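Q: Can you keep this structure in mind? I'll have questions shortly.
There are 2 protein chains.
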Amino acid sequence: MKQHQVTIKDIAKALDISVSTVSRALKDHPDINKETRKLVKETARQMKYEPNLLALGLRRNKSNTIGIIIPEIVHHFFSSVISGIEDYAYERGYNVMVCQSNENYNREIINAQALLSSRVDGVLISVSKSTLDFNHFRNFITQGIPMVFFDRVCPDIVTDRVIIDDEGGAFLATEHLINIGCKRIAHFAAPQNLLIAQGRFSGYQRALRQNSIPFDPKLVLHCDTQELAFEKTGKFLEEFPDTDGIFAVNDSTAIAIMQVIKKMSKRVPDDISVIGFGDGPNALIACPTLSTIEQKGYEMGTEAVNFLFNKIENDISADSFKTKVLIPTLVKRESTDRRK
Amino acid sequence: MKQHQVTIKDIAKALDISVSTVSRALKDHPDINKETRKLVKETARQMKYEPNLLALGLRRNKSNTIGIIIPEIVHHFFSSVISGIEDYAYERGYNVMVCQSNENYNREIINAQALLSSRVDGVLISVSKSTLDFNHFRNFITQGIPMVFFDRVCPDIVTDRVIIDDEGGAFLATEHLINIGCKRIAHFAAPQNLLIAQGRFSGYQRALRQNSIPFDPKLVLHCDTQELAFEKTGKFLEEFPDTDGIFAVNDSTAIAIMQVIKKMSKRVPDDISVIGFGDGPNALIACPTLSTIEQKGYEMGTEAVNFLFNKIENDISADSFKTKVLIPTLVKRESTDRRK
DNA sequence: ATGAAAGCGCTAACAG
DNA sequence: CTGTTAGCGCTTTCAT
Chain A
13 MKQHQVTIKD
23 IAKALDISVS
33 TVSRALKDHP
43 DINKETRKLV
53 KETARQMKYE
63 PNLLALGLRR
73 NKSNTIGIII
83 PEIVHHFFSS
93 VISGIEDYAY
103 ERGYNVMVCQ
113 SNENYNREII
123 NAQALLSSRV
133 DGVLISVSKS
143 TLDFNHFRNF
153 ITQGIPMVFF
163 DRVCPDIVTD
173 RVIIDDEGGA
183 FLATEHLINI
193 GCKRIAHFAA
203 PQNLLIAQGR
213 FSGYQRALRQ
223 NSIPFDPKLV
233 LHCDTQELAF
243 EKTGKFLEEF
253 PDTDGIFAVN
263 DSTAIAIMQV
273 IKKMSKRVPD
283 DISVIGFGDG
293 PNALIACPTL
303 STIEQKGYEM
313 GTEAVNFLFN
323 KIENDISADS
333 FKTKVLIPTL
343 VKRESTDRRK
Chain B
13 MKQHQVTIKD
23 IAKALDISVS
33 TVSRALKDHP
43 DINKETRKLV
53 KETARQMKYE
63 PNLLALGLRR
73 NKSNTIGIII
83 PEIVHHFFSS
93 VISGIEDYAY
103 ERGYNVMVCQ
113 SNENYNREII
123 NAQALLSSRV
133 DGVLISVSKS
143 TLDFNHFRNF
153 ITQGIPMVFF
163 DRVCPDIVTD
173 RVIIDDEGGA
183 FLATEHLINI
193 GCKRIAHFAA
203 PQNLLIAQGR
213 FSGYQRALRQ
223 NSIPFDPKLV
233 LHCDTQELAF
243 EKTGKFLEEF
253 PDTDGIFAVN
263 DSTAIAIMQV
273 IKKMSKRVPD
283 DISVIGFGDG
293 PNALIACPTL
303 STIEQKGYEM
313 GTEAVNFLFN
323 KIENDISADS
333 FKTKVLIPTL
343 VKRESTDRRK
């Protein structure tokens, strides 16, 4: 059974002084006698006093907690972001509450409510694939709770944002395929309601255009997971056997595509070159190693939480909103290496 | 700036009734008139009322939050555990506070304090590699806060535990190497202060013993990360060129070992067979695909949090402690497939 | 069926 | 330098 945890009242009683003296002594209030302060602190230590954050939060209307809503934790990119957020929050003395939406809109709504109820001081959000309506996020704004979107941002809501230059990254990826000689380049894309998916698609198109390669909508399909790749790649390549390059919207899809290609006894990169997006650890493990676009998750986390703390701690500039765009870089590996 | 969030007081004022009526109406207290209840609930909805969990927690001495202390979030196994915990906690209406120790003892102490201050209702812990003293965890016991260790458990403290049968898993792995014909089997191990490392080492030894293969301490080395594997594998294999099997304490080490072996122009599995432990997604991506021991992270998370809720919600059996042992299974893949 | 008031742990006027 | 008191939002006796 949960015990009564030591309170300042207990300390006060033990020393026969008032709670306010204890409170002040613990936080080095200048008015307090040095002797008293020392005594109080020592007693607190002995009694294993830990301040009650619930009480403090109630009093100050500040929980010292930030919330995260993220599609899924088990994903190298997202867990890297969380790690960055956690490390930075730790330095600043904040706790982190993590909610995963599991790409589910309804769960995202409940997550938002939970964070509202927990009176978090700020939220960091990456929206679920299935989310089309964003009103559940507006409540944070109404309540004056700072909110920063990262990666999967919300198009309709004006807030701070940390994003990758998806368009630019996709452009780099596609142009790289063109440079190594690919003529018929397919794009395995994510659902177009996500801005990141739109950006990557645009970058792909721009690269084709700038290199005078005709855009063929048949070469673009919705396929953004390993499972879908296993399901669709075979049929796709039978239907379009002249495909000689594939730009996949993420690494795990790209790797699955390569595995299917290998099973079909075609070779990567010689018959079909493949490039992904993300540069997780898998890219280096895959055979051939996967060319991809580097996307710094940890850095995205620290940048996002940095924006958040700026808003939380100086509520002055509360209505100027910034967008930080992280510039991705091309990582060339074996899956696009045709020099032979 | 953080706004005043709507309270029951605001609702009471709006309807010109007392706060106690509002409170009761919101939680379907039988004494309340149906009309009133309906009215209150409707008004609450309109005013976007969200109960203040800080106040509730203070009042009830229960935060509806559970804490996790974990070595690192960016790790497939651990993030799977968190995911399991989060999903289950979500179902039960609990929030999850995540702290990562980054394998750092001092940070683990501070994490524990933070969770104590946040008055979490229970904690789930996997200890850091560098932790040798466990007194910071005892405070949870003193405070009557249920605690469950998972995977990296604490040897000295009596609590609920969820572990993998590491000894058994390691036995399976090693015996599999023996069965396919390996004679000189090395073990790339983790620091022996971790119980899991001890277990895996013992399983390795038992398999050798039961198969009458002499145990050679020179074939055991501390090497439990990708980096260490890149650094040490080459030298090791030069020194012991007759090594024909390696059991690595985890998958990422095993995969790095295979990469080094390939660079040395030896073949896996024919010259040296390799087996890992964990069965993360990497095992399937590696070339050759990695034989390994399956370790169910998500299930470990749900089991652990299930133990925790039993303790939290029926504080009756508060001093009977259970240990759940998850039985790992052998997954045979190409890295140990010598049938040719 | 509803209201008044106390109290959870803490801080911050205000008073001495 | 220290103590008294009110109040953060909520629940819960105890009245009515």
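These protein sequence lines are chains A and B, in that order. One rule links them: number in the working numbering = place in the first sequence (from 1) + 12. One rule links them: number in the working numbering = place in the second sequence (from 1) + 12. Backbone N, C-alpha and C define an ideal beta-carbon position, used for all residues, glycine too. Bear in mind the structure is a predicted one, so any value in this text is a computation, not a measurement.
(1) List, in order along the chain, the chain A residues whose C-beta lies closer than 7 Å to that of B:Ile78?
(2) Suppose the cutoff is 6 Å on Cβ atoms and the five residues either side in sequence are ignored; what does the same chain contact list for A:Thr77 look like?
(3) Can the beta-carbon of A:Leu136 be found closer than 8 Å to that of A:Ala316?
(4) Looking at the C-beta of A:Ile85, does it have a partner C-beta in chain B at a distance below 8 Å?
(5) Would A:Gln222 be called buried (16 or more neighbouring beta carbons within 10 Å of its own) or exposed?
(6) So which of B:Ile190, B:Pro300, B:Asn318 has the shortest CA-CA distance to B:Thr255?
(7) Using 10 angstroms around the beta-carbon of B:Met312, count the other beta-carbons present and answer buried if the total reaches 16, otherwise exposed.
(8) Applying the criterion that 16 or more other CB atoms from any shown protein chain within 10 Å of the CB defines a buried residue, is A:Leu184 buried or exposed?
(9) Find the nearest neighbour of A:Leu320 within the set A:Thr154, A:Gln112, A:Thr171, judged by alpha-carbon distance.
(10) Out of A:Thr341, A:Glu179, A:Ala182, A:Phe146, which has the shortest C-alpha to C-alpha gap to A:Ile169?
(11) Got a sec: which bits of the segment 125-138 of chain B sit with their beta carbon under 7 Å from any beta carbon on chain A, in order along the chain?
(12) Select from the segment 157-189 of chain A all residues with a C-beta closer than 9 Å to any C-beta belonging to chain B, and list them in chain order.
(13) Determine the DSSP secondary structure at B:His234, reduced to helix, strand or coil.
(14) Any chance the segment 293-308 of chain B sits against the segment 333-350 of chain B, with 3 or more Cβ pairs inside 8 Å?
(15) Would a C-beta distance cut-off of 8 Å place A:Val52 and B:Ser91 closer than the cut-off?
(16) Do you know whose CA, among A:Arg164, A:Lys230, A:Leu65, lies nearest B:Ser130's CA?
(17) Can you tell me the Cα-Cα spacing of B:Asn318 and B:Asn73, whole angstroms?
(18) So, do the segment 231-244 of chain B and the segment 291-300 of chain B have three or more beta carbon pairs nearer to each other than 8 Å?
(19) Specify the secondary structure class of B:Asn191 as computed by DSSP and reduced to three states.
(20) For the segment 210-225 of chain A against the segment 194-202 of chain A, are there 3 or more C-beta pairs whose distance is under 8 Å?
(21) Helix, strand or coil for B:Leu136 per DSSP?
(22) In the structure shown, what three-state DSSP assignment does B:Thr265 receive?
(23) Closer than 9 Å between beta carbons: that is the criterion. Which residues of the segment 221-240 of chain B meet it against chain A?
(24) If I measure Cβ to Cβ from A:Leu338 and keep anything under 8 Å in the same chain, skipping five residues before and after, which residues do I get?
(25) Determine, for B:Lys60, whether the minimum Cβ-Cβ distance to residues of chain A falls below 8 Å.
(26) Name the chain A residues that come within less than 8 Å of B:Glu98, Cβ to Cβ?
(27) Please name the residues in the segment 15-30 of chain B whose beta-carbon is closer than 7 Å to at least one beta-carbon of chain A, in chain order.
(28) Could you name the residues of chain A that B:Ala298 contacts, counting a contact when the two beta carbons are closer than 8 Å?
(29) Give the interface partners of A:Ser142 over in chain B, defined as CB-CB distance under 8 Å, in chain order.
(30) Tell me which residue opens and which closes the beta strand (DSSP E) that B:Gly69 is part of.
(31) Quick one: which chain B residues come within Cβ less than 8 Å of A:Ile121?
(32) Helix or strand or just coil, what does DSSP make of B:Phe200?
(33) Less than 8 Å between CB atoms is the rule here; does B:Ser91 satisfy it with respect to chain A?
(34) Is the shortest distance between the beta-carbon of B:Gln155 and the beta-carbons of chain A less than 8 Å?
(35) Within the segment 280-329 of chain A, note down every full beta strand (DSSP E) run reaching 3 residues or more, in order along the chain.
(36) Which class does A:Gln15 belong to by DSSP, given the choice of helix, strand or coil?
A: Quick look at the numbers:
(1) Here the premise fails: no neighbours, minimum Cβ distance about 11 Å.
(2) Asn107, Met109, Val132
(3) yes
(4) yes
(5) exposed
(6) B:Ile190
(7) buried
(8) buried
(9) A:Thr171
(10) A:Phe146
(11) Gln125, Ala126, Leu128, Ser129, Ser130, Arg131
(12) Ile157, Pro158
(13) strand
(14) yes
(15) no
(16) A:Leu65
(17) 21 Å
(18) no
(19) helix
(20) yes
(21) strand
(22) helix
(23) Gln238
(24) Val174, Ile175, Ile176, Asp177, Gln307, Lys308, Glu311, Met312, Glu315
(25) yes
(26) Ile85, Val110, Cys111, Gln112
(27) Gln15, Gln17
(28) Ile297, Cys299
(29) Neighbours of A:Ser142 on chain B: none; closest Cβ ~17 Å, over 8 Å.
(30) First-last for B:Gly69: 65-72, but that is the alpha helix (DSSP H), not the beta strand (DSSP E).
(31) Under the 8 Å cutoff, chain B gives no residues; its nearest Cβ is about 12 Å from A:Ile121.
(32) strand
(33) yes
(34) yes
(35) 285-287, 304-306
(36) coil
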